Amino acid sequence: MSENPLRKATPQEQFEEVTRGTVDIQVPEDLKKKLERSYETGKPLIIKAGFDPSRPDLHLGHSLLLTRMRRFQDFGHQVVFLIGDFTALIGDPSGKNVTRPALTRDEVKVNAKTYQDQVFKVLDAAKTQVRFNSEWLDTLGTEGMIRLAARYSVQRMLERDDFKKRFRENRTISIHEFLYPLLQGYDSVALKADVELGATDQLFNLLVGRQLMKDEGMEPQVIMTGPILEGLDAKMVDGKIVGDKMSKSLDNYVGISDSPDQIYGKLMSITDDLMWRYYELLSSRSLKELAELKAKVTSGELHPKAAKSGFAQEMAARFHDEESARKAMQAWEERYSQKKIVAEDQPLVELSLGGAPKMLLAKALAEAKLVASLTEGRKLMGQGGVRVNGEKVSDPKHELDAGEYLVQVGKHKSARIKLA
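Under my numbering, the letters of the sequence shown match residues 1 to 420, in that order.
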(Lines of atoms letter the chains of each structure in order from A and count residues from 1; the text may use other names and numbers.)
(Lines give C-alpha, C1' and ligand atoms only; values in the text may rest on other atoms or scores of the structure.)
Protein backbone atom coordinates (compact mmCIF):
# COMPACT_ATOMS: atom_id res chain seq x y z
CA MET A 1 0.00 0.00 0.00
CA SER A 2 1.50 3.35 -1.09
CA GLU A 3 2.17 6.08 1.44
CA ASN A 4 -0.35 8.90 1.63
CA PRO A 5 1.46 11.86 -0.01
CA LEU A 6 -0.13 14.15 2.60
CA ARG A 7 2.10 12.44 5.18
CA LYS A 8 5.39 12.40 3.29
CA ALA A 9 6.37 15.66 5.01
CA THR A 10 5.34 17.16 8.34
CA PRO A 11 2.99 20.17 8.35
CA GLN A 12 5.93 22.41 9.27
CA GLU A 13 8.08 21.04 6.43
CA GLN A 14 5.20 21.56 4.02
CA PHE A 15 4.68 25.09 5.31
CA GLU A 16 8.33 26.01 4.74
CA GLU A 17 8.36 24.68 1.18
CA VAL A 18 5.02 26.05 -0.06
CA THR A 19 5.63 29.51 1.41
CA ARG A 20 9.15 30.03 0.14
CA GLY A 21 9.53 33.24 -1.82
CA THR A 22 6.14 34.58 -0.75
CA VAL A 23 5.55 38.30 -0.30
CA ASP A 24 2.43 38.15 1.85
CA ILE A 25 0.43 35.45 3.66
CA GLN A 26 -3.03 36.09 5.08
CA VAL A 27 -2.89 34.43 7.63
CA PRO A 28 0.21 32.26 8.33
CA GLU A 29 -1.28 30.64 11.44
CA ASP A 30 -4.42 29.73 9.50
CA LEU A 31 -2.31 27.98 6.88
CA LYS A 32 -0.44 26.02 9.53
CA LYS A 33 -3.73 24.90 11.07
CA LYS A 34 -5.09 23.83 7.69
CA LEU A 35 -1.93 21.84 6.93
CA GLU A 36 -2.03 20.19 10.35
CA ARG A 37 -5.67 19.23 9.92
CA SER A 38 -5.02 17.86 6.46
CA TYR A 39 -2.07 15.83 7.79
CA GLU A 40 -4.20 14.34 10.57
CA THR A 41 -7.39 13.67 8.57
CA GLY A 42 -5.84 12.71 5.25
CA LYS A 43 -8.12 15.18 3.45
CA PRO A 44 -6.22 17.34 0.94
CA LEU A 45 -6.51 21.11 0.89
CA ILE A 46 -8.11 22.78 -2.13
CA ILE A 47 -5.54 25.12 -3.66
CA LYS A 48 -6.92 27.62 -6.15
CA ALA A 49 -5.15 29.84 -8.66
CA GLY A 50 -6.98 31.70 -11.39
CA PHE A 51 -5.65 32.57 -14.82
CA ASP A 52 -7.48 34.85 -17.22
CA PRO A 53 -6.58 33.73 -20.76
CA SER A 54 -5.90 37.28 -21.90
CA ARG A 55 -2.80 36.34 -23.91
CA PRO A 56 -2.08 33.19 -25.90
CA ASP A 57 1.31 32.27 -24.50
CA LEU A 58 3.08 32.17 -21.16
CA HIS A 59 6.62 32.88 -19.99
CA LEU A 60 8.70 31.92 -16.97
CA GLY A 61 7.21 34.73 -14.91
CA HIS A 62 3.74 33.27 -15.35
CA SER A 63 5.05 29.90 -14.19
CA LEU A 64 5.73 31.21 -10.67
CA LEU A 65 2.17 30.43 -9.61
CA LEU A 66 2.30 27.08 -11.39
CA THR A 67 5.50 26.19 -9.53
CA ARG A 68 3.93 26.99 -6.16
CA MET A 69 0.86 24.97 -7.16
CA ARG A 70 3.11 22.04 -8.05
CA ARG A 71 4.72 22.16 -4.59
CA PHE A 72 1.28 21.84 -2.99
CA GLN A 73 0.45 19.11 -5.49
CA ASP A 74 3.58 17.12 -4.65
CA PHE A 75 2.46 17.10 -1.01
CA GLY A 76 -0.84 15.51 -2.05
CA HIS A 77 -3.11 18.56 -2.04
CA GLN A 78 -5.79 19.20 -4.68
CA VAL A 79 -4.86 22.03 -7.01
CA VAL A 80 -7.50 23.74 -9.13
CA PHE A 81 -6.27 25.45 -12.27
CA LEU A 82 -9.07 27.92 -12.75
CA ILE A 83 -9.46 29.44 -16.20
CA GLY A 84 -11.27 32.75 -15.92
CA ASP A 85 -13.14 32.48 -19.19
CA PHE A 86 -15.98 34.61 -17.76
CA THR A 87 -13.82 37.19 -15.95
CA ALA A 88 -11.58 37.54 -19.03
CA LEU A 89 -14.57 39.15 -20.71
CA ILE A 90 -14.10 41.99 -18.20
CA GLY A 91 -10.33 42.07 -17.97
CA ASP A 92 -8.47 42.23 -14.67
CA PRO A 93 -7.89 45.93 -13.83
CA SER A 94 -5.13 45.09 -11.30
CA GLY A 95 -2.14 47.36 -11.74
CA LYS A 96 -3.60 49.06 -14.82
CA ASN A 97 -3.97 52.79 -15.31
CA VAL A 98 -6.49 52.38 -18.13
CA THR A 99 -9.50 50.19 -18.73
CA ARG A 100 -8.44 46.92 -20.37
CA PRO A 101 -10.09 46.02 -23.69
CA ALA A 102 -12.65 43.23 -23.31
CA LEU A 103 -12.01 39.94 -25.11
CA THR A 104 -14.59 38.07 -27.14
CA ARG A 105 -15.72 34.57 -26.18
CA ASP A 106 -13.92 33.18 -29.23
CA GLU A 107 -10.63 34.88 -28.25
CA VAL A 108 -10.94 33.55 -24.71
CA LYS A 109 -11.63 30.04 -25.99
CA VAL A 110 -8.53 30.00 -28.23
CA ASN A 111 -6.27 31.38 -25.49
CA ALA A 112 -7.67 28.97 -22.88
CA LYS A 113 -6.80 26.00 -25.10
CA THR A 114 -3.23 27.33 -25.45
CA TYR A 115 -2.98 27.74 -21.67
CA GLN A 116 -3.98 24.14 -21.07
CA ASP A 117 -1.35 22.96 -23.56
CA GLN A 118 1.35 24.85 -21.65
CA VAL A 119 0.52 24.53 -17.93
CA PHE A 120 0.90 20.77 -17.80
CA LYS A 121 4.58 21.22 -18.48
CA VAL A 122 4.65 22.23 -14.79
CA LEU A 123 1.58 20.67 -13.21
CA ASP A 124 0.73 16.96 -13.08
CA ALA A 125 -2.22 16.69 -15.46
CA ALA A 126 -3.54 13.55 -13.76
CA LYS A 127 -3.74 15.34 -10.41
CA THR A 128 -5.01 18.73 -11.58
CA GLN A 129 -8.60 19.93 -11.66
CA VAL A 130 -9.21 22.30 -14.57
CA ARG A 131 -12.28 24.45 -14.03
CA PHE A 132 -13.83 27.40 -15.89
CA ASN A 133 -15.51 30.11 -13.85
CA SER A 134 -18.27 30.43 -16.43
CA GLU A 135 -19.62 27.24 -14.80
CA TRP A 136 -21.07 29.30 -11.95
CA LEU A 137 -20.82 32.89 -13.16
CA ASP A 138 -22.89 32.30 -16.31
CA THR A 139 -25.69 30.98 -14.12
CA LEU A 140 -25.42 33.72 -11.50
CA GLY A 141 -27.90 35.78 -13.47
CA THR A 142 -28.85 39.43 -13.20
CA GLU A 143 -30.34 39.13 -9.72
CA GLY A 144 -27.31 37.21 -8.43
CA MET A 145 -24.97 39.80 -9.93
CA ILE A 146 -26.87 42.66 -8.26
CA ARG A 147 -26.85 40.88 -4.91
CA LEU A 148 -23.11 40.27 -5.27
CA ALA A 149 -22.49 43.93 -6.16
CA ALA A 150 -24.39 44.94 -3.02
CA ARG A 151 -21.70 43.28 -0.87
CA TYR A 152 -19.14 46.05 -1.48
CA SER A 153 -19.29 49.85 -1.49
CA VAL A 154 -17.70 52.19 -4.00
CA GLN A 155 -15.61 53.62 -1.16
CA ARG A 156 -14.12 50.19 -0.42
CA MET A 157 -13.40 49.60 -4.09
CA LEU A 158 -11.57 52.92 -4.26
CA GLU A 159 -9.23 51.68 -1.54
CA ARG A 160 -7.48 49.71 -4.28
CA ASP A 161 -4.26 51.48 -5.23
CA ASP A 162 -4.88 51.36 -8.98
CA PHE A 163 -8.49 52.57 -8.69
CA LYS A 164 -7.46 55.26 -6.22
CA LYS A 165 -4.71 56.49 -8.55
CA ARG A 166 -6.96 56.55 -11.60
CA PHE A 167 -9.69 58.39 -9.68
CA ARG A 168 -7.18 60.95 -8.44
CA GLU A 169 -5.80 61.46 -11.96
CA ASN A 170 -9.31 61.71 -13.43
CA ARG A 171 -8.76 58.60 -15.55
CA THR A 172 -11.71 56.48 -16.59
CA ILE A 173 -12.89 53.69 -14.30
CA SER A 174 -15.68 51.68 -15.89
CA ILE A 175 -18.44 50.31 -13.65
CA HIS A 176 -17.85 46.75 -14.84
CA GLU A 177 -14.27 46.90 -13.48
CA PHE A 178 -15.68 47.07 -9.95
CA LEU A 179 -17.31 43.70 -10.61
CA TYR A 180 -14.02 41.93 -11.31
CA PRO A 181 -12.78 41.58 -7.69
CA LEU A 182 -16.26 40.44 -6.62
CA LEU A 183 -16.44 37.79 -9.32
CA GLN A 184 -12.93 36.54 -8.54
CA GLY A 185 -13.90 36.40 -4.88
CA TYR A 186 -17.07 34.50 -5.73
CA ASP A 187 -14.91 31.89 -7.47
CA SER A 188 -13.42 31.04 -4.07
CA VAL A 189 -16.91 30.61 -2.61
CA ALA A 190 -17.92 28.31 -5.47
CA LEU A 191 -14.78 26.17 -5.14
CA LYS A 192 -14.69 26.21 -1.31
CA ALA A 193 -11.01 27.09 -1.58
CA ASP A 194 -8.66 26.56 1.36
CA VAL A 195 -5.83 28.57 -0.21
CA GLU A 196 -5.74 31.06 -3.08
CA LEU A 197 -2.49 31.97 -4.82
CA GLY A 198 -1.75 35.14 -6.73
CA ALA A 199 0.80 37.83 -7.51
CA THR A 200 1.31 40.89 -5.32
CA ASP A 201 -0.90 43.07 -7.55
CA GLN A 202 -3.76 40.64 -6.91
CA LEU A 203 -3.88 41.13 -3.13
CA PHE A 204 -7.05 43.23 -3.06
CA ASN A 205 -8.96 40.72 -5.20
CA LEU A 206 -7.83 37.82 -3.04
CA LEU A 207 -8.90 39.64 0.12
CA VAL A 208 -12.36 40.13 -1.39
CA GLY A 209 -12.62 36.36 -1.78
CA ARG A 210 -11.66 35.87 1.84
CA GLN A 211 -14.34 38.35 2.96
CA LEU A 212 -17.06 36.81 0.79
CA MET A 213 -16.32 33.40 2.28
CA LYS A 214 -16.69 34.85 5.78
CA ASP A 215 -20.01 36.43 4.74
CA GLU A 216 -21.20 32.99 3.60
CA GLY A 217 -20.28 31.46 6.96
CA MET A 218 -17.42 29.50 5.39
CA GLU A 219 -13.88 29.07 6.70
CA PRO A 220 -12.00 31.82 4.85
CA GLN A 221 -9.26 30.95 2.44
CA VAL A 222 -5.62 31.64 3.19
CA ILE A 223 -4.10 34.13 0.78
CA MET A 224 -0.58 33.77 -0.53
CA THR A 225 0.95 36.33 -2.86
CA GLY A 226 4.25 35.90 -4.61
CA PRO A 227 6.59 38.35 -6.31
CA ILE A 228 6.57 39.45 -9.92
CA LEU A 229 9.59 37.82 -11.56
CA GLU A 230 12.37 40.10 -12.74
CA GLY A 231 13.58 39.72 -16.31
CA LEU A 232 16.83 38.22 -17.55
CA ASP A 233 18.57 41.61 -17.49
CA ALA A 234 17.99 42.28 -13.76
CA LYS A 235 21.03 42.91 -11.58
CA MET A 236 21.98 43.16 -7.92
CA VAL A 237 22.06 46.78 -6.66
CA ASP A 238 22.75 47.57 -2.99
CA GLY A 239 21.90 44.04 -1.95
CA LYS A 240 18.63 43.88 -3.91
CA ILE A 241 17.71 42.44 -7.29
CA VAL A 242 16.66 45.40 -9.45
CA GLY A 243 15.18 45.30 -12.93
CA ASP A 244 12.05 45.37 -15.04
CA LYS A 245 9.62 42.51 -14.71
CA MET A 246 9.91 39.65 -17.19
CA SER A 247 8.07 40.70 -20.33
CA LYS A 248 7.91 39.72 -23.97
CA SER A 249 7.70 43.38 -24.98
CA LEU A 250 11.02 44.05 -23.20
CA ASP A 251 12.61 40.92 -24.71
CA ASN A 252 13.90 39.85 -21.27
CA TYR A 253 11.85 36.68 -20.97
CA VAL A 254 12.04 32.91 -21.23
CA GLY A 255 8.97 31.54 -22.98
CA ILE A 256 7.42 28.28 -21.80
CA SER A 257 7.16 27.31 -25.47
CA ASP A 258 10.77 28.35 -26.28
CA SER A 259 13.05 25.63 -27.63
CA PRO A 260 15.40 23.81 -25.18
CA ASP A 261 18.36 25.66 -26.72
CA GLN A 262 16.66 29.03 -26.19
CA ILE A 263 15.67 28.26 -22.60
CA TYR A 264 19.13 26.99 -21.68
CA GLY A 265 20.99 29.79 -23.46
CA LYS A 266 18.87 32.60 -22.06
CA LEU A 267 19.22 31.32 -18.48
CA MET A 268 22.99 30.95 -18.81
CA SER A 269 23.11 34.71 -19.54
CA ILE A 270 21.75 35.81 -16.14
CA THR A 271 23.92 37.06 -13.29
CA ASP A 272 24.92 34.74 -10.45
CA ASP A 273 22.80 36.76 -8.02
CA LEU A 274 19.72 36.48 -10.19
CA MET A 275 20.37 32.74 -10.54
CA TRP A 276 19.79 32.20 -6.81
CA ARG A 277 16.54 34.17 -6.89
CA TYR A 278 15.31 32.09 -9.83
CA TYR A 279 16.38 28.94 -8.00
CA GLU A 280 14.33 29.88 -4.93
CA LEU A 281 11.23 30.84 -6.87
CA LEU A 282 11.22 28.27 -9.65
CA SER A 283 13.33 25.22 -8.83
CA SER A 284 11.80 21.97 -7.63
CA ARG A 285 14.85 21.45 -5.42
CA SER A 286 14.08 21.70 -1.71
CA LEU A 287 15.30 24.58 0.44
CA LYS A 288 17.74 22.18 2.10
CA GLU A 289 19.18 21.15 -1.28
CA LEU A 290 19.51 24.79 -2.34
CA ALA A 291 21.31 25.68 0.90
CA GLU A 292 23.78 22.84 0.28
CA LEU A 293 24.28 23.93 -3.33
CA LYS A 294 24.90 27.54 -2.32
CA ALA A 295 27.37 26.43 0.35
CA LYS A 296 29.37 24.50 -2.27
CA VAL A 297 29.53 27.57 -4.52
CA THR A 298 30.52 29.84 -1.61
CA SER A 299 33.31 27.47 -0.51
CA GLY A 300 34.66 27.17 -4.06
CA GLU A 301 33.84 23.46 -4.26
CA LEU A 302 31.42 24.19 -7.14
CA HIS A 303 31.79 26.88 -9.81
CA PRO A 304 28.80 29.27 -10.14
CA LYS A 305 28.60 28.38 -13.82
CA ALA A 306 27.98 24.73 -12.93
CA ALA A 307 25.18 25.74 -10.55
CA LYS A 308 23.66 27.95 -13.24
CA SER A 309 23.89 25.13 -15.76
CA GLY A 310 22.01 22.90 -13.32
CA PHE A 311 19.16 25.40 -13.12
CA ALA A 312 19.09 26.00 -16.88
CA GLN A 313 18.92 22.25 -17.51
CA GLU A 314 16.13 21.85 -14.94
CA MET A 315 14.00 24.48 -16.69
CA ALA A 316 14.70 23.10 -20.17
CA ALA A 317 13.76 19.62 -18.95
CA ARG A 318 10.61 20.92 -17.24
CA PHE A 319 9.24 22.40 -20.44
CA HIS A 320 10.62 19.68 -22.72
CA ASP A 321 12.48 16.60 -21.46
CA GLU A 322 15.76 15.49 -19.88
CA GLU A 323 17.40 14.44 -23.15
CA SER A 324 16.58 17.73 -24.86
CA ALA A 325 17.98 19.63 -21.88
CA ARG A 326 21.20 17.60 -21.98
CA LYS A 327 21.63 18.28 -25.71
CA ALA A 328 20.95 21.99 -25.17
CA MET A 329 23.70 22.09 -22.54
CA GLN A 330 26.16 20.32 -24.85
CA ALA A 331 25.32 22.64 -27.75
CA TRP A 332 25.76 25.71 -25.56
CA GLU A 333 29.13 24.48 -24.34
CA GLU A 334 30.30 24.04 -27.92
CA ARG A 335 29.06 27.41 -29.07
CA TYR A 336 29.72 29.72 -26.15
CA SER A 337 31.94 28.15 -23.55
CA GLN A 338 34.33 27.11 -26.31
CA LYS A 339 33.70 30.38 -28.23
CA LYS A 340 32.38 28.37 -31.14
CA ILE A 341 29.21 28.73 -33.19
CA VAL A 342 28.42 25.79 -35.43
CA ALA A 343 27.64 27.37 -38.79
CA GLU A 344 25.63 24.41 -40.05
CA ASP A 345 23.17 24.85 -37.17
CA GLN A 346 22.35 28.46 -38.04
CA PRO A 347 19.44 29.54 -40.26
CA LEU A 348 20.41 30.77 -43.73
CA VAL A 349 19.15 34.24 -44.68
CA GLU A 350 19.60 35.30 -48.30
CA LEU A 351 19.74 39.04 -49.00
CA SER A 352 19.93 40.93 -52.26
CA LEU A 353 22.57 43.60 -52.87
CA GLY A 354 20.22 45.13 -55.42
CA GLY A 355 23.04 45.70 -57.88
CA ALA A 356 25.25 47.43 -55.32
CA PRO A 357 28.77 46.05 -54.70
CA LYS A 358 28.41 46.05 -50.91
CA MET A 359 25.90 46.36 -48.05
CA LEU A 360 26.28 47.99 -44.67
CA LEU A 361 26.58 45.32 -41.97
CA ALA A 362 24.02 47.20 -39.85
CA LYS A 363 21.55 47.12 -42.75
CA ALA A 364 22.16 43.39 -43.26
CA LEU A 365 21.47 42.77 -39.57
CA ALA A 366 18.17 44.64 -39.82
CA GLU A 367 17.06 42.92 -43.03
CA ALA A 368 17.96 39.53 -41.54
CA LYS A 369 15.74 40.38 -38.51
CA LEU A 370 18.69 39.97 -36.13
CA VAL A 371 18.04 43.50 -34.88
CA ALA A 372 14.92 45.64 -34.90
CA SER A 373 16.41 48.51 -36.92
CA LEU A 374 19.48 49.94 -38.61
CA THR A 375 20.00 52.20 -35.58
CA GLU A 376 19.93 49.27 -33.16
CA GLY A 377 22.43 47.42 -35.36
CA ARG A 378 24.87 50.32 -35.28
CA LYS A 379 24.41 50.69 -31.53
CA LEU A 380 25.14 47.00 -30.87
CA MET A 381 28.20 47.14 -33.11
CA GLY A 382 29.51 50.12 -31.14
CA GLN A 383 28.99 48.15 -27.94
CA GLY A 384 30.99 45.20 -29.27
CA GLY A 385 27.96 42.94 -29.53
CA VAL A 386 28.37 41.86 -33.17
CA ARG A 387 30.72 39.24 -34.60
CA VAL A 388 31.24 38.26 -38.23
CA ASN A 389 32.90 34.89 -38.82
CA GLY A 390 33.99 34.93 -35.18
CA GLU A 391 35.60 38.37 -35.31
CA LYS A 392 34.17 41.34 -33.40
CA VAL A 393 33.09 44.22 -35.68
CA SER A 394 32.63 47.59 -33.95
CA ASP A 395 32.77 50.03 -36.89
CA PRO A 396 29.14 51.08 -37.62
CA LYS A 397 30.16 51.82 -41.22
CA HIS A 398 31.51 48.32 -41.85
CA GLU A 399 30.36 46.87 -45.19
CA LEU A 400 30.00 43.32 -46.49
CA ASP A 401 30.89 42.15 -49.99
CA ALA A 402 28.90 39.50 -51.84
CA GLY A 403 29.33 36.13 -50.13
CA GLU A 404 28.23 34.12 -47.08
CA TYR A 405 28.95 35.16 -43.50
CA LEU A 406 28.35 33.69 -40.06
CA VAL A 407 26.96 36.56 -37.97
CA GLN A 408 26.40 36.59 -34.20
CA VAL A 409 24.42 39.33 -32.44
CA GLY A 410 24.64 39.34 -28.66
CA LYS A 411 24.60 35.99 -26.89
CA HIS A 412 21.49 34.43 -28.35
CA LYS A 413 21.04 35.46 -31.99
CA SER A 414 23.04 34.18 -34.93
CA ALA A 415 22.53 33.34 -38.60
CA ARG A 416 24.28 32.68 -41.87
CA ILE A 417 23.80 35.71 -44.13
CA LYS A 418 24.29 35.21 -47.87
CA LEU A 419 24.63 38.37 -49.96
CA ALA A 420 24.21 38.20 -53.73
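Every residue gets a Cβ at the ideal spot worked out from N, C-alpha and C, and that includes glycine.
These numbers were taken from a predicted model, which means no experiment stands behind them.
Check, Outcome
"8 Å Cβ cutoff met for ALA415 and LEU370", "yes"
"7 Å Cβ shell around LEU229 - same chain, five flanking residues per side excluded", "LEU60, GLY61, LEU64, LYS245, MET246, LEU281"
"Residues bridged to PRO359 [DSSP beta-bridge criterion]", "Per the sequence shown, residue 359 should be read as Met rather than Pro. Answer is LEU400, bridged to MET359."
"ILE90, DSSP secondary structure in three states", "coil"
"Unbroken alpha helix (DSSP H) run spanning GLN313, endpoints", "304-319"
"Rounded separation between GLU350 and LEU365 - CA only", "12 Å"
"Inter-residue Cα distance where the pair is GLY21 and ALA193", "21 Å"
"Close-in-space but distant-in-sequence residues of the same chain around TRP136 (CB under 6 Å, 5 per side omitted)", "ALA190"
"Inter-residue Cα distance where the pair is GLU143 and ALA295", "60 Å"
"Helix, strand or coil at ASN97 according to DSSP, with G and I counted as helix", "Summary for ASN97: the model assigns pLDDT 49, below 50, so the residue's position carries little reliability, and this model does not support an answer."
"Coarse secondary structure for GLU289, derived from DSSP in three states", "helix"
"LEU179 versus TRP276, GLN211, TYR253, ILE146, residue with shortest Cα-Cα distance", "ILE146"
"heavy atom of the ligand NAP below 7 Å from MET213 C-beta", "As for the ligand NAP, it is missing from this structure, which has no ligand bound."
"Beta-ladder partner(s) of SER414, from DSSP", "GLN408"
"For THR200, three-class secondary structure by DSSP", "helix"
"Supposed close pair GLY226, VAL23 - CB separation, criterion 8 Å", "6 Å"
"Backbone CA spacing between GLY403 and PHE75 [nearest angstrom]", "59 Å"
"Rounded separation between PRO347 and GLU367 - CA only", "14 Å"
"For GLU230, the three-state DSSP class (helix, strand or coil)", "strand"
"Endpoints, beta strand (DSSP E) assigned at GLU350", "348-351"
"Helix, strand or coil at ALA49 according to DSSP, with G and I counted as helix", "strand"
"Per-residue DSSP class, three states only, for ASP162", "helix"
"VAL108 (DSSP reduced to helix, strand or coil)", "helix"
"Distance CB(ARG71)-CB(VAL122) smaller than 8 Å", "no"
"Where GLY21 falls: helix, strand or coil (DSSP)", "coil"
"Per-residue DSSP class, three states only, for ILE83", "strand"
"For ASP258, the nearest candidate out of MET275, ILE83, GLN202, ALA312 (CA to CA)", "ALA312"
"Helix, strand or coil at ILE270 [DSSP, three-state]", "coil"
"Sufficient close CB pairs (3 or more, under 8 Å) joining the stretch 26-34 to the stretch 160-174", "no"
"For ARG335, the first and last residue of its enclosing beta strand (DSSP E)", "Taken as a continuous stretch (DSSP letters only), ARG335 belongs to no beta strand (DSSP E), as it is neither H nor E."
"Three-state secondary structure (DSSP) of LYS32", "helix"
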